[in-house]
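Q: Going by the UniProt record's numbering, the residue at position 62 of the sequence shown is 62; the numbering climbs one at a time, nothing skipped. Where a beta carbon is used, it is the ideal one built from N, C-alpha and C, also for glycine. All figures in this text were calculated on a predicted structure; none of them were measured in a lab. My questions will all concern the structure given below.
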Amino acid sequence: MLTVPLEIVTPERIVLSMDVRMVILRGGDGEIGILPRHMPLATAVKPCLVRIRLADDRQDVVPVSGGFVEVLPEKITILADTAELPEEIDVDRALHAKDRAEKRLQAAVDEEEADRARQALTRAELRLQAVEEHKRLNGFLHASVPNA
């Protein structure tokens, strides 16, 4: 089974670096599935759960808050604004962030403030979804082994 190196990078660190069989993410024009030897592509990444499938069919997810993806036939690089492995997510903190964002959205006095609150709400919801998906999939990504 063919694989391709995937790197998910934030301004702070390399979150993930491993060989994968497939990556699915939300690009500027909708959902994109990327396989080894994919044609070159560069596009925006919208906030989403990046779905990762290994050669042995194990799957997992990584929440990203947006960024860009560069796809080359021999490598996939996601430059994310923020990203973290599911096991790194503090669920209580994510729940608190979600609650705070919902309150900010209700109290927003202008569209700019509402947009910021919606972005924070989306980030918190993605983080919580990632934890649930990781458990459901019996995910392989662990905080102690980001470079599997």
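So, helix, strand or coil for Lys46, using DSSP?
A: coil
Q: Please report the distance separating the alpha-carbon of Ile34 from that of Pro11.
A: 23 Å
Q: Going by C-alpha to C-alpha distance, which of Arg123, Phe140 and Asp19 sits closest to Arg93?
A: Arg123
Q: Taking only the alpha-carbon atoms, compute the straight-line gap between Glu125 and Lys98 and give it to the nearest angstrom.
A: 7 Å
Q: Met18 by DSSP, collapsed to three states: which one?
A: strand
Q: What span of residues does the alpha helix (DSSP H) with Asp115 cover, start to end?
A: Glu111 to Leu137
Q: For Asn147, does the count of other Cβ atoms within 10 angstroms reach 16, so buried, or fall short, so exposed?
A: Residue placement at Asn147 is flagged as unreliable, the pLDDT there being 48, under the threshold of 50; a coordinate-derived value is accordingly withheld.
Q: How about Leu16: is its Cβ closer than 8 Å to a heavy atom in the ligand GTP?
A: Among the components modelled here there is no ligand, and therefore nothing to report on the ligand GTP.
Q: Taking the alpha-carbon positions, what's the Ile89 to His134 distance?
A: 11 Å
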